[in-house]
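Undergrad:
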Amino acid sequence: MSRLHEALRRLGVDSRLLVRNSPAPGTAVQTIGTRGDADDLFPAVREAVVRQYVELNRTSITNTHFSLHIDGADVSRVPLVASSDIAHLHWTGSFQAPADVRALLDAKPVVWTLHDLEPLTGGCHFPAGCEGYTGDCAGCPQLVRDPFEVTATTLSDKKTLWAGGRPTFIAPSRYMAERARRSAVAQCAAASIVHIPYGIDVDRFRPQPKAAARRALGLPVDGTYVLCGSNYNAEQRKGLRFLDGVLAAATARSRPDSSKLTLLTVGEPKLDLHDADGAGVIQLGRVSVDLMPSVYAAADVFLHPSVEDNFPLMLLESMSCGTPAIAFDVGGVADIVQDEVCGRLAAAGDELAMAAALSSLVHDREARQRMGERARAHVEEHFSDSSVARRHAELYDDVAKNRAAPQALAGRSRQTGIDAIFPRWSAACLVQEIALAREHAMQLNEESHAKSEHIAGLQRESAGLARSLADQSRQVQEKEAELAAIHEVAEERKALADKLHASAASIEAIAANLQREVRERDDLLGKLEATIAEQRAEIELVRRETAGLARSLAEQSRQVQEKEAELGAIHEVAEERKALADKLHASAASIEAIAANLQKEVRERDDLLADLEAAIDEQRAEIELVHHVAADRRELIEHLHRVAEERAAIIDRLVDAPQ
Numbered sequence: 035m036s037r038l039h040e041a042l043r044r045l046g047v048d049s050r051l052l053v054r055n056s057p058a059p060g061t062a063v064q065t066i067g068t069r070g071d072a073d074d075l076f077p078a079v080r081e082a083v084v085r086q087y088v089e090l091n092r093t094s095i096t097n098t099h100f101s102l103h104i105d106g107a108d109v110s111r112v113p114l115v116a117s118s119d120i121a122h123l124h125w126t127g128s129f130q131a132p133a134d135v136r137a138l139l140d141a142k143p144v145v146w147t148l149h150d151l152e153p154l155t156g157g158c159h160f161p162a163g164c165e166g167y168t169g170d171c172a173g174c175p176q177l178v179r180d181p182f183e184v185t186a187t188t189l190s191d192k193k194t195l196w197a198g199g200r201p202t203f204i205a206p207s208r209y210m211a212e213r214a215r216r217s218a219v220a221q222c223a224a225a226s227i228v229h230i231p232y233g234i235d236v237d238r239f240r241p242q243p244k245a246a247a248r249r250a251l252g253l254p255v256d257g258t259y260v261l262c263g264s265n266y267n268a269e270q271r272k273g274l275r276f277l278d279g280v281l282a283a284a285t286a287r288s289r290p291d292s293s294k295l296t297l298l299t300v301g302e303p304k305l306d307l308h309d310a311d312g313a314g315v316i317q318l319g320r321v322s323v324d325l326m327p328s329v330y331a332a333a334d335v336f337l338h339p340s341v342e343d344n345f346p347l348m349l350l351e352s353m354s355c356g357t358p359a360i361a362f363d364v365g366g367v368a369d370i371v372q373d374e375v376c377g378r379l380a381a382a383g384d385e386l387a388m389a390a391a392l393s394s395l396v397h398d399r400e401a402r403q404r405m406g407e408r409a410r411a412h413v414e415e416h417f418s419d420s421s422v423a424r425r426h427a428e429l430y431d432d433v434a435k436n437r438a439a440p441q442a443l444a445g446r447s448r449q450t451g452i453d454a455i456f457p458r459w460s461a462a463c464l465v466q467e468i469a470l471a472r473e474h475a476m477q478l479n480e481e482s483h484a485k486s487e488h489i490a491g492l493q494r495e496s497a498g499l500a501r502s503l504a505d506q507s508r509q510v511q512e513k514e515a516e517l518a519a520i521h522e523v524a525e526e527r528k529a530l531a532d533k534l535h536a537s538a539a540s541i542e543a544i545a546a547n548l549q550r551e552v553r554e555r556d557d558l559l560g561k562l563e564a565t566i567a568e569q570r571a572e573i574e575l576v577r578r579e580t581a582g583l584a585r586s587l588a589e590q591s592r593q594v595q596e597k598e599a600e601l602g603a604i605h606e607v608a609e610e611r612k613a614l615a616d617k618l619h620a621s622a623a624s625i626e627a628i629a630a631n632l633q634k635e636v637r638e639r640d641d642l643l644a645d646l647e648a649a650i651d652e653q654r655a656e657i658e659l660v661h662h663v664a665a666d667r668r669e670l671i672e673h674l675h676r677v678a679e680e681r682a683a684i685i686d687r688l689v690d691a692p693q
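First residue of the sequence shown: 35, per this note's numbering; consecutive thereafter.
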């Protein structure tokens with residue numbers, strides 16, 4: 035009703051709501067009281083009648099809501115209704131008695147959406163297989179007893195009062211339309227039956243990435259989720275009792291490599307479900323409307339095991355979010371779910387067929403994806419709230435234009451059948467209520483007497499316990515004296531123990547200091563060993579460099595000797611150049627003296643290195659000295675290289691000179 039109201043207003047239709055209760059009244063929402071609200075005593079009478087005739091009088095075949103028309107409100111004279119062109123009724127069981135509906139039929143064209151069959155029955159909203167609404171509704175199978183023939187009287191009032199009223203019933207499903215045509219009330223009222231499905235906001239209920247939806251709900255991202263639930267999970271016709279069997283059969287079919295199956299439920303009360311092998315259960319409880327699109331999107335499959343239904347909105351919402359559905363083929367379900375196209379259908383109550391369909395989709399990701407896409411397209415095409423609202427607006431125009439005046443009922447009395455039986459009926463219910471209250475009071479009295487006897491017994495036990503406690507107190511005093519003596523000995527021992535503890539603590543402190551000094555010395559020795567190792571490495575490097583220099587000097591000396599031999603030969607050939615050769619020999623002798631000095635220095639440095647190994651404290655200074663000497667030797671070698679090059683040049687010139 036609220037969704038249609040909002041969609042109509044978006045189309046420009048001046049839609050207003052007149053309701054019994056509203057959580058958030060606004061400019062387009064008005065609430066109304068009933069006749070019973072003005073009577074201080076009537077609410078108690080109404081409560082007694084409902085409890086005695088419905089709540090305590092139901093059979094086991096169903097627990098779906100059952101309405102008694104014992105209160106109402108004539109809304110035909112309410113200004114909001116009087117100024118309207120069309121009165122569109124929805125769920126009126128709480129404040130529209132049959133006479134109130136007749137007054138509205140006389141005042142306005144009436145359109146009435148059949149959310150269930152209650153407008154056409156003697157009180158039940160779903161008949162649970164009963165066909166009494168096509169006749170007289172006598173002997174209702176949903177009531178244990180009906181001594182006042184309330185259901186038959188209610189149906190008789192509807193047929194009599196609405197005869198010729200010409201309402202237009204809107205059936206959301208073909209199932210509901212067919213049953214409305216067969217009903218005795220619709221035939222007596224000369225009603226028109228029109229099939230218009232529910233619509234939903236496809237922009238609100240839209241596909242979302244599953245991972246994001248699951249994270250938004252705090253669910254593990256991985257795995258396969260099967261969603262199930264309803265507005266009131268304890269309602270028998272919702273079929274949630276089948277879940278354990280369906281889930282167990284589906285998981286039994288699972289292959290070893292299948293991902294973990296998790297049943298996700300919404301609604302209250304939470305279900306009494308058990309984890310099946312390979313499957314888990316997560317119950318979200320009551321979920322806000324704003325969050326439900328994420329719940330649908332988080333699921334891989336929506337499971338709808340209802341065994342009696344009209345046009346379930348949860349199927350529409352789930353499919354609009356791109357989640358395929360599996361459902362029993364009951365009521366108007368087939369109007370929503372196209373088998374093998376956007377979901378799967380199974381025969382009503384066939385757990386194994388539903389389990390097989392579930393197992394098939396769980397193991398076929400591509401099929402789920404394909405069906406989800408087709409489900410979304412199917413809802414967008416046929417069930418968007420804007421298109422459904424447009425069909426309602428067209429129906430309003432047609433009804434207002436072609437309305438035939440209701441047929442007047444000759445000599446119609448204001449007294450209805452329910453009014454006639456209500457004094458005796460309500461009195462009987464009140465008597466039963468009083469008897470029940472008396473029985474309850476007697477039970478409370480018996481419980482009070484039993485509790486009084488129990489208290490007296492407890493008092494006797496308390497007296498015995500008090501005597502026993504006195505004896506125990508005397509024994510405790512004796513024990514306390516013994517304990518005092520023991521305590522004195524214990525104190526002496528404690529003092530001795532404290533001294534021992536102090537001595538032990540002192541010894542532990544000394545030991546700790548010794549251990550700390552040992553660790554510090556170990557650390558110092560480690561550092562010294564590391565320093566010695568580094569210095570030995572540096573000495574070894576100097577040794578290798580000195581050896582290289584010695585080898586280089588020997589090579590150069592050999593080359594000098596070879597050149598001297600060449601000079602000797604040249605001296606024999608070029609005697610006249612002897613003076614010059616003498617100079618060269620003198621230079622060579624000087625070089626040899628220098629080489630001898632270098633060799634002597636090398637031996638001295640070798641001795642110095644030996645001394646460095648013996649005396650660690652002088653090693654760093656000696657290493658620096660060795661580096662300086664090595665630098666001097668490098669300069670000397672470079673000088674020798676230059677002298678050798680000069681001698682070679684002189685020899686070359688002597689060789690090239692004319693003889």
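The beta-carbon is built from N, C-alpha and C at its ideal position, and this holds for glycine as well.
1) Considering Cα atoms alone, identify which of Thr187, Gly199, Val228 is closest to Ser207.
2) Hey, how far is the Cα of Val47 from the Cα of Ile455?
3) Can you give me the Cβ contacts of Val219 inside the same chain, cut-off strictly under 6 angstroms, excluding the 5 residues immediately before and after it?
4) Beta-carbon separation of Ala409 and Pro358 under 8 angstroms?
5) Please report the straight-line C-alpha distance between Met353 and Gly406, rounded to a whole angstrom.
6) Decide yes or no for the touch test of the region 228-248 against the region 164-180: beta carbon pairs closer than 8 angstroms, at least 3 of them.
7) One question on the structure: do Asp74 and Ala107 come within less than 8 angstroms of each other, judged by their Cβ atoms?
8) Hey, Pro143 and Trp196: beta-carbon distance below 8 angstroms or not?
9) So, with DSSP's three-state summary, where would you put Asp334?
10) Skipping 5 residues on each side, what residues in its chain have a beta carbon closer than 8 angstroms to that of Gly445?
11) Are the CB atoms of Tyr266 and Ala333 nearer to each other than 8 angstroms?
12) Rounded to whole angstroms, what is the Cα-Cα separation between Ala515 and Arg508?
13) When you compare only the Cα positions, how much space is there between Ala539 and Glu551?
14) Is it buried or exposed for Gln86, if we count other Cβ within 10 angstroms and need 16 for buried?
15) Tell me where the beta strand (DSSP E) around Tyr266 begins and ends.
16) Candidates Thr296, Arg637, Gly233, Arg378: which alpha carbon is nearest Glu351's?
17) Looking only at its chain, what residues have a beta carbon closer than 6 angstroms to the beta carbon of Phe76, apart from the 5 residues adjacent to it on each side?
18) Using DSSP bridges, identify the partner residues of Ile204.
19) Using the C-alpha atoms, what's the distance from Val433 back to Trp146?
20) Given Gly273, which residues of its chain have a CB within under 7 angstroms of its CB, disregarding the five upstream and five downstream residues?
21) Do you know how far the Cα of Ala380 is from the Cα of Ala391?
22) Can you have a look at Arg248 and say buried or exposed, based on whether 16 or more other CB atoms are within 10 angstroms of its CB?
23) Taking Leu114 as the reference, give the member of Ile66, Gly156, Gln493 with the closest Cα.
24) Can you tell me where the beta strand (DSSP E) holding Val341 begins and where it ends?
25) Contact between the region 322-336 and the region 292-305 is defined here as three or more beta-carbon pairs at a separation below 8 angstroms; is this criterion met?
26) Provide the residue(s) that pair with Glu694 in DSSP beta bridges, ordered along the chain.
27) Name the two residues that bound the continuous beta strand (DSSP E) containing His122.
28) Is DSSP giving Val315 helix, strand or coil here?
29) Hey, how far is the Cα of Phe129 from the Cα of His412?
30) Per DSSP, what are the beta-bridge partners of Asp373 in this structure?
31) Does the beta carbon of Ala531 sit closer than 8 angstroms to a beta carbon anywhere in chain B?
32) If you reduce the DSSP assignment to three classes, tell me which class Cys171 lands in.
33) Under the rule that 16 or more other beta-carbon atoms within 10 Å means buried, what is Pro243, buried or exposed?
34) For Arg271 and Thr93, I'd like the C-alpha separation in whole angstroms.
35) Report the option in Phe100, Asp105, Thr96, Glu152 whose CA atom is closest to the CA atom of Ala78.
36) Comparing C-alpha positions only, which one of Thr126, Val184, Leu52, Ala137 sits nearest to Ser460?
TA: For this structure:
1) Of the candidates Thr187, Gly199, Val228, the one whose C-alpha sits nearest the C-alpha of Ser207 is Val228.
2) The alpha-carbon separation between Val47 and Ile455 amounts to approximately 43 angstroms.
3) Spatial neighbours of Val219 in its own chain (CB-CB distance under 6 angstroms, excluding positions within 5 residues in sequence) are listed in chain order as Leu154, Lys192, Lys193.
4) Yes, the Cβ-Cβ distance between Ala409 and Pro358 is below 8 angstroms.
5) Looking at the two C-alpha atoms, the distance is approximately 7 angstroms.
6) Counting Cβ pairs under 8 angstroms, fewer than three are found: no touch.
7) Contact: no.
8) No; because the gap between Cβ atoms is not below 8 angstroms, this pair is not in contact.
9) DSSP, read as helix, strand or coil, puts Asp334 in coil.
10) Residue confidence is low: Gly445 scores 47 on pLDDT, short of 50, so the model does not pin down where it sits. Its coordinate-derived value is still stated next. None.
11) No. Outside cutoff.
12) So the two alpha carbons sit approximately 11 angstroms from each other.
13) Put simply, the backbone Cα of Ala539 is about 18 angstroms away from that of Glu551.
14) Per the 10 Å Cβ criterion, buried.
15) First-last of the beta strand (DSSP E) with Tyr266: 258-266.
16) Answer by Cα proximity: Gly233.
17) Cβ neighbours of Phe76 beyond the five flanking positions: Gly70.
18) Per DSSP, Thr147, Val228.
19) C-alpha separation (whole angstroms): 12 angstroms.
20) Pro339, Ser340, Val341, Phe362.
21) So the alpha carbons of these two residues sit roughly 8 angstroms apart.
22) When all chains shown are included, Arg248 counts as buried.
23) By alpha-carbon distance to Leu114, the top candidate from Ile66, Gly156, Gln493 is Ile66.
24) No beta strand (DSSP E) contains Val341, which DSSP labels as neither H nor E.
25) Yes, the region 322-336 is in contact with the region 292-305.
26) Any question about residue 694 goes unanswered here, given that the chain covers just 35 to 693.
27) Following the DSSP letters along the chain, one finds His122 inside the beta strand (DSSP E) bounded by residues 121-123.
28) Here Val315 sits in strand by DSSP.
29) When rounded, the separation of the alpha-carbon atoms in Phe129 and His412 is 37 angstroms.
30) Gly377.
31) Absent from the structure: chain B. Only one protein chain is present.
32) In this structure, Cys171 counts as coil in the three-state DSSP scheme.
33) With fewer than 16 Cβ atoms within 10 Å of its Cβ, Pro243 is classed as exposed.
34) Those two C-alpha atoms are separated by around 14 angstroms.
35) The option with the nearest alpha carbon to Ala78 is Asp105.
36) Taking only the C-alpha atoms, the option nearest Ser460 is Val184.
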